[in-house]
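So that you can map any letter, position 29 of the sequence shown is 28 in numbering that gives the first Met the number 0, and since no number is skipped, the others follow by simple counting.
Every residue, glycine too, gets a C-beta built ideally from N, C-alpha and C.
Notes follow the structure.
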Amino acid sequence: MTDSIITIRAQIADARRAAVQGGIDFPRVVLVPTMGALHDGHLTLVDEAKKLGDIVVVSIFVNPLQFGPNEDLSTYPRTLDADVAQLADRGVSLVFAPTPAEMYPDGDVSTRVVAGDAGSTFEGRTRPGHFDGMLTVVSKLFHIVSPDVAVFGEKDRQQLFLVKRMVRDLNVPVEVHGVPIVRAEDGLALSSRNAFLSDAERRSALTLSRALEAAASAQDNGIDAVLSAAQSVLDAEPTIDLDYLAAVDPATFTPVTSPYAGSSVVLVAARVGATRLIDNRTLAVS
Ligand SMILES: Nc1ncnc2c1ncn2[C@@H]1O[C@H](COP(=O)(O)OP(=O)(O)OP(=O)(O)O)[C@@H](O)[C@H]1O
Ligand SMILES: CC(C)(CO)[C@@H](O)C(=O)[O-]
Ligand code: BAL
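Now the structure itself:
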């Protein structure tokens, strides 16, 4: 076992003991897994974590296993010192920020969690192996931290679905809690990758949330109207390269087709310049 794993486990054990001494018989540990470059979306997850338990642990790890060979692993923003300072301001001192060598002492793993069918659509189709890598590291983080609760953002909606599915399929003793998307005032979903956008690209990126807004305005007119309203907004912005637009059933993450009435999550992913962004919105379609 490596230093940072030994250290975080000792810190959590100390925090548990202190909580018991402070009168909390069964302190709950809440994990917030992140890749760092923290923004208000992450900090909202932390605030939620504080409400859900007694001891909050934030992990910061840019997981090589979930990046494809031509993706942005090497350029992904890394701002560890600023992240730790922001967390300290929020009252969180338990930060687990291992190195790749600590997480993968053999360079890779030969045992992986396989995401299955729902891991090979949408994000999984564009990023083959991404969700196996994501679930594998989440599983490792769960084993290292032993949280009672783990908090994830709805921005990565397919990720949240798959983590919940893994927990159910494998009887993982962790409660998974989802937090609604935190947006900038103009509607753009906060994302660490927004840091890559030029001013002009950021304006183009707003097309994603505008398309979801248009979809929401059409939710009383059926699923076809929802999708065509969003598509029209996307078609009108030639500077973005659409990857997918789809409406899925939140219970199965499979596409819904007309006629459909009920809850549906509209998903959108697009490249804006060199930056790939995702967004989604839950609608009540009738
Ligand atoms: N705007 C947001 N609202 C709610 N949760 C968010 C938001 N952005 C990120 N999260 C959540 O924070 C957690 C860590 O995500 P991550 O560190 O990859 O940040 P990110 O901003 O999603 O980065 P990326 O640029 O890779 O999309 C995930 O559970 C993710 O869904
Ligand atoms: C859950 C996660 C931390 C696993 O690397 C990552 O996919 C993320 O930040 O969403
Ligand atoms: N927030 C999702 C992590 C990734 O893009 O790899």
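Would you mind stating whether Ala96 and Ile59 have Cβ atoms separated by less than 9 Å? yes
If I'm right that Asp185 touches Leu205 with Cβ under 8 Å, what's the distance once you round it to whole angstroms? 6 Å
Among Val171, Arg77, Tyr243, Ala17, which one has its Cα closest to the Cα of Ala210? Tyr243
CB contact flag (Gly67, Lys154, <9 Å): no
Quick check: the Cα distance between Leu159 and Ala114, rounded to an integer number of angstroms? 12 Å
Which of helix, strand or coil DSSP assigns to Ser262: strand
With burial defined as no fewer than 16 other Cβ atoms inside 10 Å of the residue's Cβ, what is the status of Phe121: buried or exposed? buried
Quickly, what does DSSP pair Asn279 with across the bridge? List them, please. Leu266
Determine which residues share a DSSP beta bridge with Arg182 and list them. Ala188
What are the boundary residues of the alpha helix (DSSP H) that Leu42 is part of? 39-51
When you compare the region 30-49 with the region 15-22, are there three or more beta-carbon pairs, one atom per stretch, that lie closer than 8 Å? no
May I ask you to check if the CB of Phe195 is nearer than 8 Å to at least one heavy atom of ligand 3? no
Own chain residues within Cβ distance below 6 Å of Asp219, not counting five before or after: Ser285
For the region 92-138, which segments carrying the beta strand (DSSP E) assignment without a break, of at least 3 residues, lie completely within its bounds, in sequence order? 93-95
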